[in-house]
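Protein chains in written order, with the numbering used here: chain A, 59 to 499; chain B, 2 to 81. C-beta: ideal position from N, C-alpha, C; glycine also.
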Amino acid sequence: MAKKKTPTKKASVAAQRLSTSTDDLLLAALERGGDTSKTGRYLITFKEGAAEAGLQSLQSQKGFRVADARDFENQAVSFEQTGDAEAVVFPEIGVALVSGEAATARGMTAEATIAEDSPVHSIDPEYFVFAAGISPNDYLKGFLRAAQTIYADLGEPGAAEQAEVTPAVAGVTWGLSACKVPPSSFNGSGIKVAVLDTGFDLGHPEFVGRSFVTNSFVGQPVQDLHGHGTHTTGTACGPQAPAGPIPRYGIGFRTQIFVGKVLTNAGGGTQAQSLAGINWAIANRCQVISMSLRAIAPPQPSYTAAGTAALAAGCLIIAAAGNDSHRPGLIAPAGAPANSPTIMSVAAIDSALNVAIFSNGGKVDIAGPGVNVFSSWPRPTLHNTISGTSMATPHVSGCASLWAQSNPALRGTALRAKLIATAKHLPFPASDVGAGLVQAP
Amino acid sequence: MAKKTKQPMVITVSGDRPIHEVAHDLRAAGLDVDQVLEFTGTVTGSAHPQNAERLRSVPGVVDVSPDHPIDIGPPGAPIS
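In structure tokens form, the structure reads like this:
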């Protein structure tokens, strides 16, 4: 990974290169001012099947110095090793990343008109990517909170009160309240929920006495050293009444929890590991399979087939649409596996029931609370408030466990249909929120 | 720059043939089989990219795709 460097005036010059570190790109963006969500580089998407023609045109017609992803082991491009290349082509996905300077010099910007016979489909600015589960908003809120705490420490009265961001209402999180979970008479008893994520803090005091079945697919112990998996599992399956002044954050509090670790403690994994997790969850007949993860990829036949197999076995896979949007300017398409037709795709909404700015669109089936979501976190922290379609997904999975308990006929396709039929309508396009906000029975 | 080597692949099977038979044939066609996932109908492993067509021609194979990595970012990192 790129090393942190001291800010220098050279940052904006360095940003012209593809080998520039993310830190330097950010410094350059901050130096430029204005829209700091963009890196200054461009992504060229080629028309379907035109990646080779695109590569040729960049090289011979436009005179770019081009690096090809196929020249790297496993096509794992190391940007530090791209040297003086002005463009990196990824033939598998039909996309090229070009440096801002090189693109501008050749008139290839997002505003440029594209000739009809060109292999190029579109030219778009590249955006900085925020970790799933954390939206840029939260980052700013965290910063504000820190600033207010310092301010309060300096002795200014009233500052601490302003730091309050999302108070829990009546002992329950806003998300559970919005999904009508508290009045539900169901608890997920008899339902197996598989959460395929970074694992779980198996010693979390609020899960003492719960039934766990665990398996790791990534060569690390199931114990979650990341936090993401403990948070998503907490929302789907957490306790009804945590001790002390902690609001209720869990939905299916009597579910049997299947923890499938398919992402490492660093937050990474492969499609093969995800599929192994799905395979395990189907073999165990988990009625609900929750996947707060996504790869930026078109619909994958392997995931679509896995979704079909799951439905046939009475299991429903529910997956995060992804956090790659920057609304209203950019609405990124749902990633894999959520974009497979046999898998339920979940968008995120905030406490005002508006679409979260980061929430992906297109193939969306339903929405869940995904901004400022309070849930469990590995010891010693115990709780954390984060955002993302990763957080919206377990709200749908938890409600699915309640519906599955309410009627043994609600399995697979029938369970999916019930979730859609009972969702609360929202005044937004189906491509943003699907059928609407998930509701508990 | 590194040379082209075997790359991780995800193979989807149709279910018309027993998956272990398909896996056997895939092995003969150049796939280093890693997992045979009966419930999802998937065989994973690695192969040279130029062998992809041979793998596709194995009876019972529906799709051969490169593995797509998943990354949710490191814990607590605001930007990654």
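Three-state class that DSSP yields for residue i in the structure shown
| i | result |
| --- | --- |
| A:I318 | The sequence given here places Gly at residue 318 of chain A; Ile does not occur at that position. Of the three classes helix, strand and coil, the one that applies to A:G318 here is strand, per DSSP. |
| A:V422 | coil |
| A:T290 | helix |
| B:R55 | helix |
| A:P485 | coil |
| B:D72 | strand |
| A:T471 | helix |
| A:F188 | Any reading at A:F188 must be qualified, since the residue scores a pLDDT of 37, below 50, and its modelled position is unreliable; the value itself is stated next. If DSSP states are grouped into helix, strand and coil, A:F188 belongs with coil. |
| B:I12 | strand |
| B:Q36 | strand |
| A:V496 | coil |
| A:A154 | strand |
| A:R385 | coil |
| A:R99 | strand |
| A:I172 | coil |
| B:D17 | coil |
| B:P79 | For B:P79, the predicted structure reports a pLDDT of 38, less than 50, and the residue's modelled location is therefore unreliable. The matter cannot be settled from this model. |
| A:D126 | strand |
| A:A390 | coil |
| A:A145 | strand |
| B:T6 | coil |
Nonlocal neighbours in the same chain, by C-beta distance under 7 Å from residue i, ignoring five residues either side
| i | result |
| --- | --- |
| A:A143 | L76, R123, V124 and A125 |
| A:R268 | I315 |
| B:V59 | V23, D26, L27 and A30 |
| A:C344 | K250, V251, A252, F316 and C373 |
| A:S489 | G419, G420 and V422 |
| A:G216 | Only weak support exists for where A:G216 lies, its pLDDT of 37 falling under 50; the value from the coordinates is given anyway. Taken in chain order, the list of residues that qualify is empty. |
Contacting residues, own chain, Cβ-Cβ under 6 Å from residue i (five flanking each side not counted)
| i | result |
| --- | --- |
| A:G213 | Here A:G213 scores only 44 on pLDDT, less than 50, and its place in the model should not be relied on; the value that follows carries that caveat. Excluding positions up to five away in sequence, the list is empty. |
| A:T288 | F258, D259, D282, S434, W435 and P436 |
| A:Q409 | It should be pointed out that residue 409 of chain A corresponds to Ser in this sequence rather than to Gln. W232. |
| A:A204 | At A:A204 the pLDDT is 47, less than 50, meaning the model places this residue with poor confidence; the figure from the coordinates comes in the next sentence. Result list for A:A204: empty, nothing under 6 Å. |
| A:L113 | V147 |
| A:P356 | none |
| A:I415 | R385 |
| A:P452 | T290, T293, A294 and S348 |
| B:D68 | P9 and V11 |
N-terminal and C-terminal residue of the alpha helix (DSSP H) that residue i is part of
| i | result |
| --- | --- |
| A:P359 | P359 to A370 |
| A:G158 | G158 to A163 |
| A:S332 | Q329 to A341 |
| A:L351 | Unbroken run through A:L351: none, as it is neither H nor E. |
| B:L27 | I20 to A29 |
Opening and closing residue of the beta strand (DSSP E) in which residue i lies
| i | result |
| --- | --- |
| A:G112 | Counting along the chain, A:G112 falls outside any beta strand (DSSP E), though it belongs to the alpha helix (DSSP H) covering A109 to Q114. |
| B:S47 | T43 to A48 |
| A:Q119 | Looking at the DSSP string, A:Q119 is not in any beta strand (DSSP E), and its letter there is neither H nor E. |
| A:A378 | L374 to A378 |
| A:A394 | Neither: A:A394 is in no beta strand (DSSP E) and is coded neither H nor E. |
| B:P67 | V62 to P67 |
Chain-ordered neighbours of residue i on chain A, where CB pairs are closer than 9 Å
| i | result |
| --- | --- |
| B:P60 | Near B:P60 there are no residues of chain A at all, since even the closest Cβ is about 16 Å away, more than 9 Å. |
Residue i: contacting residues in chain A (beta-carbon distance under 8 Å)
| i | result |
| --- | --- |
| B:V27 | The displayed chain sequence assigns Leu, not Val, to residue 27 of chain B. Near B:L27 there are no residues of chain A at all, since even the closest Cβ is about 14 Å away, more than 8 Å. |
| B:V11 | Q329, A330, L333, Q358 and S360 |
| B:V63 | P359 and A363 |
| B:D33 | Within 8 Å Cβ-Cβ: nothing; B:D33 doesn't reach chain A, min ~12 Å. |
Interface partners of residue i on chain A, CB under 7 Å
| i | result |
| --- | --- |
| B:L38 | L333, A334 and N337 |
| B:I20 | What B:I20 touches in chain A: nothing, since even the nearest Cβ is about 11 Å away. |
Within chain B, the residues that residue i reaches when beta carbons sit closer than 7 Å
| i | result |
| --- | --- |
| A:A341 | F40 |
| A:A355 | H69 |
| A:A394 | H69 |
| A:G326 | P70, I71 and D72 |
| A:L321 | I71 and I73 |
Same chain, Cβ closer than 8 Å to residue i, neighbours up to 5 away in sequence not counted
| i | result |
| --- | --- |
| B:Q36 | T43, V44, T45 and G46 |
| B:V62 | I12, T13, V14, S15, V23, L27 and L56 |
| A:G246 | C295, I309, G310, F311, R312, T313, G456, S459, L460, A462 and Q463 |
| A:I192 | Only weak support is given to the placement of A:I192: the predicted model assigns it a pLDDT of 41, under 50, and the value that follows is read from those uncertain coordinates. So the list reads I444, S445 and G446, once near-sequence residues are dropped. |
| A:A334 | F275 and V320 |
| B:D33 | K7, G46, S47 and A48 |
Under 8 Å by beta carbon: chain B residues contacting residue i
| i | result |
| --- | --- |
| A:S448 | I73 |
| A:A367 | F40, T41 and G42 |
Where residue i meets chain B, residues with beta-carbon distance less than 9 Å
| i | result |
| --- | --- |
| A:R515 | Outside the displayed range of chain A (59 to 499) lies residue 515 of chain A, so it cannot be described from this structure. |
Length-filtered (3 minimum) beta strand (DSSP E) runs lying within the region 402-464 of chain A
Every unbroken stretch of the beta strand (DSSP E) spanning 3 or more residues and falling wholly within the region 402-464 of chain A is given here in chain order: 402-407, 424-427, 431-434 and 441-444.
What alpha helix (DSSP H) runs, 4 residues minimum, are completely inside the region 222-309 of chain A?
Runs of the alpha helix (DSSP H) lying entirely within the region 222-309 of chain A, each at least 4 residues long, are 232-236 and 286-295 in chain order.
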